[in-house]
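A.B. asks: So that we are looking at the same thing, I have put the structure below in structure tokens.
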Amino acid sequence: MEKNLRAPKLGDPLPASRASAEAVELLRLRRSTPADFLTNPGPDEQTLASILTIAARAPDHRRVTPFRFVIFEGDARRRFGDVLREAFIAREPDADKKRVACEQRRFLRAPVVVAVVSKVDRNHRTPEWEQVLTAGAVCQNMLIAASASGFAAQWITEWYAYDVRVLVALGLEESERIAGYIYMGSAKEAPKERARPMMDQIVTRF
Ligand SMILES: Cc1cc2nc3c(=O)[nH]c(=O)nc-3n(C[C@H](O)[C@H](O)[C@H](O)COP(=O)(O)O)c2cc1C
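Each number in the working numbering corresponds to the 1-based position in the sequence shown with 127 added.
Structure, rendered in structure tokens:
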């Protein structure tokens, strides 16, 4: 992969479109790889920075930047496991040890996990709904950027996207929510096609 790509400067002319059969093929066959099927290697520092920069180019009405990222790599994934363990025991005090250990290991399933935090400014004239949609678009951009950079990925929420203890430990403010945890790594095995919407059931013409 080409490294050190120059970021466009403010006002630089950019292509309005860029026909790429390869990009169309990537999107046409895009598939998530379940976190349990991820392994090393994950993106290195430079590639991850590029993936996040691309993710942050999602459409954003009135440039609110209604999102931020928290990166988990290496030992931070294990440390976050301690948070997951405590939060899970508080939710399910009767859970057996095996289940607790499984919850504790969640982030160890992939070499890199990025929490995409949706950050809504309720006083901004851009509606909350649109700010939330931007955070979703950021997650999708991240999946595509990961794939185009040679890495498998999955967008996950699971219980710890909603658990107040976990959110407090992550330092989320009242106006913030987890849009998703994007797990990234290499696929242990290739994913298979899943059912897709029947286009004639979801497309009409006005
Ligand atoms: C907001 C959001 C949350 C999701 N949370 C989970 C999850 O917690 N666990 C899971 O297995 N899949 C979750 N998914 C679904 C997967 O990311 C993935 O889309 C799904 O497995 C289908 O694969 P595909 O992306 O190849 O279509 C979530 C998707 C979205 C958009």
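For every residue, glycine included, the Cβ atom is placed at its ideal position computed from N, Cα and C.
1. Any idea which residues DSSP pairs Ser245 with across the strands?
2. Let me check understanding here. Comparing Cα to Cα, which of Asp187, Leu299 and Arg226 lies closest to His251?
3. So, with DSSP's three-state summary, where would you put Ser274?
4. Beta-carbon within less than 6 Å of Tyr308's beta-carbon, same chain only, minus the 5 sequence neighbours each way: which residues are those?
5. Closer than 6 Å by C-beta to Arg158: which residues in its own chain qualify, once you throw out the five before and the five after it? Chain order, please.
6. With a threshold of 8 Å, establish whether the CB of Ile329 neighbours any heavy atom of ligand 2.
7. For ligand 1, is there a heavy atom less than 8 Å away from the beta-carbon of Pro193?
8. Please identify the residue among Pro168, Val151 and Val210 whose C-alpha is closest to the C-alpha of Val291.
9. Could you have a look at Gly169 and say whether DSSP puts it in helix, strand or coil?
10. Put Glu364 into one of helix, strand or coil per three-state DSSP.
11. Can the beta-carbon of Leu154 be found less than 9 Å from the beta-carbon of Met311?
12. Quick one: measure Cβ to Cβ for Arg204 and Asn268, integer angstroms, because I've assumed they're closer than 8 Å.
13. Rounded to the nearest angstrom, what separates Ile305 and Ala148 at their Cα positions?
14. Return yes when the C-beta of Gly201 is under 8 Å from any heavy atom of ligand 1, and no when it is not.
15. Quick check: what's the CA-CA separation for Gly422 versus Arg218?
16. Could you give the C-beta distance for Ala314 and Ala279, rounded to a whole number, given that I count them as a contact under 8 Å?
17. For Ser313, name the three-state secondary structure that DSSP assigns.
18. Does DSSP classify Ala280 as helix, strand or coil?
19. Leaving aside the five residues before and after Val227 along the sequence, list all residues of the same chain whose C-beta is less than 7 Å from its C-beta, in chain order.
20. Would the beta-carbon of Tyr287 fall within 9 Å of that of Val295?
21. Could you give the distance in angstroms between the alpha-carbon of Ser302 and the alpha-carbon of Cys266?
C.D. replies: Reading it off the structure:
1. Residue mapping note: residue 245 aligns to position 118 of the sequence shown, counting from 1. Here Ser245 is bridged, per DSSP, to Phe194 and Arg304.
2. To locate residue 251, count along the sequence shown from 1; it is residue 124. If we check each option's Cα against that of His251, Asp187 comes out closest.
3. As a position in the sequence shown, residue 274 is number 147, starting the count at 1. Note: Ser274 maps to helix in three-state DSSP.
4. On the sequence shown, residue 308 is found 181 positions in, with the first residue counted as 1. Excluding positions up to five away in sequence, the list reads Val240, Ala242 and Ile283.
5. The residue you call residue 158 lines up with position 31 of the sequence shown. Excluding sequence neighbours, Arg158 sits near Pro318.
6. The ligand content of the structure shown is limited to ligand 1, which means ligand 2 is not among them.
7. Position 66 of the sequence shown, counted from the first residue, corresponds to residue 193. For ligand 1, not one heavy atom lies less than 8 Å from the Cβ of Pro193.
8. If you number the sequence shown from 1, residue 291 lands on position 164. When only C-alpha atoms are compared, the closest one is Val210.
9. For the purposes of this step, residue 169 is taken as the residue at position 42 of the sequence shown. Here Gly169 sits in coil by DSSP.
10. Outside the shown range of the chain, which is 128 to 333, sits residue 364, and nothing can be said about it.
11. Within the sequence shown, numbered from 1, the residue matching residue 154 stands at position 27. Within the sequence shown, numbered from 1, the residue matching residue 311 stands at position 184. One thing to note: Leu154 has its Cβ no nearer than 9 Å to the Cβ of Met311.
12. Here residue 204 refers to the residue found at position 77 when the sequence shown is read from its first residue. Here residue 268 refers to the residue found at position 141 when the sequence shown is read from its first residue. Not a contact, Cβ separation roughly 23 Å.
13. Here residue 305 is taken as the residue at index 178 of the sequence shown, counted from 1. Here residue 148 is taken as the residue at index 21 of the sequence shown, counted from 1. The alpha-carbon separation between Ile305 and Ala148 amounts to approximately 34 Å.
14. Residue numbering aside, residue 201 sits at position 74 when the sequence shown is read from its first letter. Flag unset: Cβ of Gly201 not near ligand 1.
15. In this structure the chain extends from 128 to 333, so residue 422 is not present and cannot be described.
16. The count along the sequence shown starts at 1 and reaches residue 314 at position 187. The count along the sequence shown starts at 1 and reaches residue 279 at position 152. About 4 Å; that satisfies the 8 Å criterion.
17. Sequence index remark: in the sequence shown, residue 313 carries index 186 (1-based). Note: Ser313 maps to strand in three-state DSSP.
18. As a position in the sequence shown, residue 280 is number 153, starting the count at 1. Three-state result, Ala280: strand.
19. Your numbering for residue 227 matches position 100 in the sequence shown. Answer for Val227: Arg212, Phe215 and Ile216, listed in chain order.
20. Indexing the sequence shown from 1 puts residue 287 at position 160. Indexing the sequence shown from 1 puts residue 295 at position 168. Contact: no.
21. Taking the first residue of the sequence shown as position 1, residue 302 is located at position 175. Taking the first residue of the sequence shown as position 1, residue 266 is located at position 139. Their backbone Cα atoms lie some 18 Å apart in a straight line.
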